[in-house]
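Our numbering applies: residue 557 is where the sequence shown begins, and numbers increase by one.
Where is the CB? At the ideal position from N, CA and C, for every residue including glycine.
In this text the structure is predicted, and so the values were computed from the model without any measurement.
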Amino acid sequence: MPTEKISIIGGGSAYVPGILYSFARYGEAIAGSEIALMDVDPSRLPMMEKLGRRIAMEEGVDLKVTGTVDLKESLDGATFVLTNFRPGGIEGLRLDEEIPVKYGILGQETSGPGGTFFALRSIPQVLSLCESMEEVCP
Numbered sequence: 557m558p559t560e561k562i563s564i565i566g567g568g569s570a571y572v573p574g575i576l577y578s579f580a581r582y583g584e585a586i587a588g589s590e591i592a593l594m595d596v597d598p599s600r601l602p603m604m605e606k607l608g609r610r611i612a613m614e615e616g617v618d619l620k621v622t623g624t625v626d627l628k629e630s631l632d633g634a635t636f637v638l639t640n641f642r643p644g645g646i647e648g649l650r651l652d653e654e655i656p657v658k659y660g661i662l663g664q665e666t667s668g669p670g671g672t673f674f675a676l677r678s679i680p681q682v683l684s685l686c687e688s689m690e691e692v693c694p
């Protein structure tokens with residue numbers, strides 16, 4: 557299999573180790589590929605990069621893990637792009653769940669009013685990402 561560059565937008569998320577482990581388990585099928593972690597919070601990247609390298613080493617797979625806060629750098633040469641970001645952060649999640657409950661409505665981030673709030677924050681971000689992808693890694 558040819559090598560790939562997989563860009564994970566929101567690469568500093570707590571969910572990323574599971575994603576990295578899943579990729580590493582593909583072994584030779586993904587060997588030589590790069591996983592580019594991109595996050596707006598630079599403090600999150602070093603730990604995820606280090607963890608990704610360790611996972612690759614433990615699984616015995618040649619996998620390059622990089623980190624950046626520059627979206628276009630992460631997208632440059634990417635053959636796959638995953639999104640794993642949360643517009644509004646944890647505070648947005650809290651509001652998505654608490655506001656509906658305050659009015660007697662089930663509060664979740666994926667459905668009902670909370671899901672709508674989350675979608676309204678996310679859609680512009682996803683559209684902007686798509687524009688960047690069209691420009692950098694069509």
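Indicate the three-state DSSP secondary structure (helix, strand or coil) for residue i in the structure shown.
{"i": "I679", "result": "helix"}
{"i": "E690", "result": "helix"}
{"i": "A592", "result": "strand"}
{"i": "S667", "result": "coil"}
{"i": "S569", "result": "coil"}
{"i": "I575", "result": "helix"}
For residue i and residue j, what's the separation of their Cα atoms in angstroms?
{"i": "L607", "j": "P573", "result": "7 Å"}
{"i": "P669", "j": "G588", "result": "44 Å"}
{"i": "R610", "j": "R642", "result": "26 Å"}
{"i": "G566", "j": "Q681", "result": "12 Å"}
{"i": "A612", "j": "L619", "result": "6 Å"}
{"i": "G633", "j": "E690", "result": "12 Å"}
{"i": "V692", "j": "T624", "result": "15 Å"}
{"i": "F579", "j": "R650", "result": "30 Å"}
{"i": "E629", "j": "K561", "result": "12 Å"}
{"i": "M604", "j": "A592", "result": "11 Å"}
Notebook entry, point to check: Curious, which full-length beta strand (DSSP E) runs of at least 3 residues does the stretch 610-661 contain?
Noted result: 619-624 and 636-639
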